[in-house]
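Taking it in order: structure first as structure tokens, then the write-up.
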Ligand SMILES: [Zn+2]
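Numbering (the working numbering), first residue to last: -11 to 383.
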């Protein structure tokens, strides 16, 4: 099931007969194209079959008129090591999530590690180790961007420079460690940013016994790049405060499965009304107290499309292109030069929706027929989604 990152190259891959091509780009969510050409893991052509060079392909896939979208990016997970989570003591959760269409996951901190070190040398060592370990080992082929230290009191700018020099690119959720005051967090977030490290802040009530509240004033003062789970993880701030964060901050608005669903719907609508939908990104916050959520990203997409009344093709962008752009990732968009990370979907069997997009807008999750990462097929018909009506075939 799990495999090392240093896998074989995909060679030339042609995907033809695509019925619906979602781009991941909010400004142009549906592409007028039916063919994708991939060379060694990267997209080299997007267009009509007659206009693409489809000769001498190593792999040809007939999409059978199903939908192809960029692989989903879970903006907020808590991995530890390998494909194991101690939070609910489960194995294989990342591979299972790949069967839910996720091809990239972003660590918001390896906080569940039993005995997690909280001294500064220890937390730096853990971050570097986690970054290396997941870079060397991809469960189910999923790109797990990990090594996200939880900042503690006493850290200096030099510590952030050391982390950056060692290849650490993320901070774990600010607020999960001893740094909980806005003025303290603000300096460290700024040091991280100066050294090219992207930050996320916990928003809302405590997650589990032992963690604490991070209110809207702390979030605004800290000014992290991502307003982590603005809908709480689990407990949300009052709607008035969430609204204030959407209005006063220009940072990413992250909505997670493991949060308050009503506030997620309200925040997504607010972002649409404030004309800043490009700020909205999605995650699960899994594994968590509420468990592992292999279909969590698809459930968020269906939730927001159906109950916040946002066209499904736009909500898919929240889970793909928006995250890629805000986090500087080479995936999440169907564009020449981007990673060939795709999810093939069709309407689930017996949904009331006449098309894939309509079924999602009705609140049903799609059926996945194939997942590809770096141009390599990682699974066929998903073992977790409801069965797709039609699935692609490798010719
Ligand atoms: Zn959190």
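Yeah, the Cβ is synthetic: ideal placement off N, Cα and C, and Gly gets one too.
- With a 10 Å radius around the Cβ and a threshold of 16 neighbouring Cβ atoms, residue 326 comes out buried.
- Residue 238 counts as exposed, since fewer than 16 other C-beta atoms from the protein chains shown sit within 10 angstroms of its C-beta.
- The DSSP assignment places complete beta strand (DSSP E) segments of no fewer than 3 residues inside the segment 24 to 93 at 30 to 35, 47 to 50, 55 to 58 and 60 to 65, in order along the chain.
- By the 16-neighbour rule on beta-carbons within 10 angstroms, residue 2 is buried.
- A distance below 7 Å between beta-carbons, with the five flanking residues on each side excluded, links residue 97 to the following residues of its chain, in chain order: 66, 136, 138, 160, 161 and 164.
- The alpha carbon of residue 345 has as its nearest neighbour, out of 299, 113, 331 and 368, the alpha carbon of 299.
- For residue 131, the enclosing beta strand (DSSP E) covers residues 131 to 133.
- Ordered by chain, the residues meeting the criterion of a beta-carbon within less than 7 Å of a non-hydrogen atom of ligand 1 are 96, 161, 164, 190, 195, 216, 217, 221 and 273.
- Considering only 14, 287 and 185, the residue with the shortest C-alpha distance to residue 347 is 287.
- Put simply, the backbone Cα of residue 143 is about 27 Å away from that of residue 233.
- Every beta strand (DSSP E) stretch that sits fully inside the segment 308 to 360 and reaches 3 residues is listed by chain position as 330 to 334.
- Residue 230 and residue 248 have their C-alpha atoms roughly 12 Å apart.
- Note: residue 188 is bridge-paired with 214 in the DSSP secondary-structure output.
- With three or more CB-CB distances shorter than 8 Å, the segment 270 to 289 counts as touching the segment 87 to 96.
- Of the residues 308, 218 and 73, the one whose Cα lies closest to the Cα of residue 278 is 73.
- The beta carbon of residue 94 lies closer than 6 Å to those of 63 and 133 in the same chain, with the five residues before and after it left out.
- From the listed residues 381, 47, 365 and 151, the smallest Cα separation to residue 109 is found for 151.
- Residue 254 sits buried, since 16 or more C-beta atoms from the chains shown fall within 10 Å of its C-beta.
- Using a Cβ distance threshold of 8 Å, residue 33 and residue 22 do not count as a contacting pair.
- Ranking 360, 100, 271 and 45 by CA distance to the CA of residue 198 puts 100 first.
- Taking C-beta separations shorter than 7 Å and ignoring five residues to either side along the sequence, the partners of residue 68 in its chain run 74, 98, 100 and 101, following chain order.
- Between residue 116 and residue 308, the gap from beta carbon to beta carbon reaches 8 Å or more.
- Three or more Cβ pairs closer than 8 Å define a contact, and the segment 324 to 338 meets that threshold against the segment 40 to 60.
- By the CB criterion at 8 Å, residue 91 and residue 359 fall inside the cutoff.
- Take the alpha-carbon of residue 189 and the one of residue -4: they are about 37 Å apart.
- The continuous beta strand (DSSP E) containing residue 268 extends over residues 268 to 271.
- In this structure, residue 268 lies near residue 256, with their beta-carbon atoms less than 8 Å apart.
- Within the model, the alpha-carbon separation for residue 114 versus residue 105 is close to 8 Å.
- In this structure, residue 31 sits away from residue 382, with a CB-CB distance that is not shorter than 8 Å.
- Distance from the CA of residue 225 to the CA of residue 218, rounded to the nearest whole angstrom, comes to 8 Å.
- In this structure, the CA atom of residue 228 is about 17 Å from the CA atom of residue 260.
- The DSSP-derived three-state label of residue 264 is coil.
- By the beta-carbon neighbour count (other beta carbons within 10 angstroms, threshold 16), residue 103 is exposed.
- Annotation: residue 366 is outside any alpha helix (DSSP H); the continuous beta strand (DSSP E) that includes it extends over 364 to 367.
- The Cβ atoms of residue 187 and residue 213 lie closer than 8 Å to each other.
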